[in-house]
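Note that full-length UniProt numbering has the sequence shown beginning at 1, numbered continuously upward.
Just so it is clear, CB atoms sit at the ideal spot from N, CA and C, and this is done for glycine as well.
Read through the structure below, which is laid out as structure tokens, and then see the notes.
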Amino acid sequence: MMKKVYSAEERYEALKLANEIGNKAAAERLGIKLDTLYTWISKAKTGKVGYCDNPGNIPITDPNRLKQLEKELQEVREEKVNRISTQIFWRKSMN
1 MMKKVYSAEE RYEALKLANE IGNKAAAERL GIKLDTLYTW ISKAKTGKVG YCDNPGNIPI
61 TDPNRLKQLE KELQEVREEK VNRISTQIFW RKSMN
């Protein structure tokens with residue numbers, strides 16, 4: 001019998017379900033062995049790619065993904081600066 005290979009997205013969804021309803025119930029509902037689910041949980045806790053919050057199984061060393069993350073980080077930083085600047089402006093205008 002061939003071993004079933006689960007995609008990173010399937011593993012990710014299984015982990016989310018296990019977190020919501022419990023490991024045993026999730027394994028039963030999904031028709032997977034409880035040991036398999038425990039293995040995925042263990043790998044997710046150690047941050048293995050495809051088991052945590054990266055269901056696309058895209059390594060962070062991928063230049064496109066890295067550029068995207070850097071762009072998002074820059075946008076967040078700019079938003080923070082704008083928010084702080086606005087707060088300072090309003091405080092000064094109130095005095």
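Report buried or exposed for Tyr12, applying the criterion of at least 16 other Cβ atoms within 10 angstroms of its Cβ.
With 16 or more Cβ atoms within 10 Å of its Cβ, Tyr12 is classed as buried.
Can you tell which of Ala18, Thr36 and Asn19 has its C-alpha closest to the C-alpha of Val5?
Closest by alpha carbon: Thr36.
Please state whether the Cβ-Cβ distance between Ala44 and Ala26 is less than 8 Å.
No, the Cβ-Cβ distance between Ala44 and Ala26 is not below 8 Å.
How many angstroms separate the CA atom of Glu10 from the CA atom of Thr46?
Looking at the two C-alpha atoms, the distance is approximately 18 Å.
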